[in-house]
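Q: This is the structure, below, for whatever I ask next.
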Amino acid sequence: QVQLVESGGGLAQAGGSLRLSCAASGTISSINVMGWYRQAPGKQRELVASIASTGRTNYGDSVKGRFTISGENAKNTVTLQMNSLKPEDTAAYYCNFLVVRGNYWGQGTQVTVSS
Numbered sequence: 350q351v352q353l354v355e356s357g358g359g360l361a362q363a364g365g366s367l368r369l370s371c372a373a374s375g376t377i378s379s380i381n382v383m384g385w386y387r388q389a390p391g392k393q394r395e396l397v398a399s400i401a402s403t404g405r406t407n408y409g410d411s412v413k414g415r416f417t418i419s420g421e422n423a424k425n426t427v428t429l430q431m432n433s434l435k436p437e438d439t440a441a442y443y444c445n446f447l448v449v450r451g452n453y454w455g456q457g458t459q460v461t462v463s464s
């Protein structure tokens, strides 16, 4: 079964940067949207950013202007460049591929931002 594998999480200082990457372990076809979600302890999972197969991007209000999503649909990869990090960005980050038949989720990667 194809899985999504995230990498690039870790510890950063406020104002710093991290880059998250996600790749499928096999081939996934008919991807409509690739995205990143995050979930902090005690909070609901929220959309961070997404990129549609058309190239259209969408960002959560809290990350606009700081985070940039990019993806290569044919290569089944999606990347999230996170700049100007804030302590409130601390969360587990999950990549997601929305396909015709449902969703693929990664296992999550932890991002911790210290003040």
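In the working numbering, the protein residues as written are 350 to 464.
Here a beta-carbon is modelled for each residue, glycine too, at the ideal position from N, C-alpha and C.
Specify the secondary structure class of Val351 as computed by DSSP and reduced to three states.
A: Looking at Val351 - three-state DSSP - the assignment turns out to be coil, as it is neither helix nor strand.
Q: Considering just the uninterrupted stretch of the beta strand (DSSP E) at Glu395, what are its terminal residues?
A: Note, Glu395: beta strand (DSSP E), 395-401.
Q: For Arg387, count neighbouring Cβ atoms within 10 angstroms of its own Cβ and tell me buried if that reaches 16, exposed if not.
A: The residue in question, Arg387, is buried, as its Cβ has 16 or more Cβ neighbours within 10 Å.
Q: Going along the chain, which residues of its own chain have a beta-carbon closer than 7 Å to the beta-carbon of Gly455, five neighbours each way excluded?
A: Contacts found: Leu353, Val354, Glu355, Cys371, Tyr443, Cys444.
Q: For the putative contact between Ser399 and Ile418, defined by C-beta atoms under 8 Å, what is the C-beta separation to the nearest angstrom?
A: Indeed, because the Cβ distance is near 7 Å, the residues count as touching under 8 Å.
Q: Within 10 Å of its beta-carbon, does Asn477 have 16 or more other beta-carbons around it, so buried, or fewer, so exposed?
A: Given a span of 350 to 464 for the chain in the structure shown, any question on residue 477 remains unanswerable.
Q: Give me, in chain order, the residues of the same chain whose beta-carbon lies closer than 8 Å to that of Gly404; leave out the 5 immediate sequence neighbours on both sides.
A: No residues qualify anywhere along the chain.
Q: Tell me the residue span of the beta strand (DSSP E) that contains Arg415.
A: No beta strand (DSSP E) holds Arg415; DSSP gives it neither H nor E.
Q: Going along the chain, which unbroken runs of the beta strand (DSSP E) with 3 or more residues stay wholly within the segment 426-463?
A: Within the segment 426-463, the complete beta strand (DSSP E) runs of at least 3 residues are 426-431, 440-448, 451-454, 458-463.
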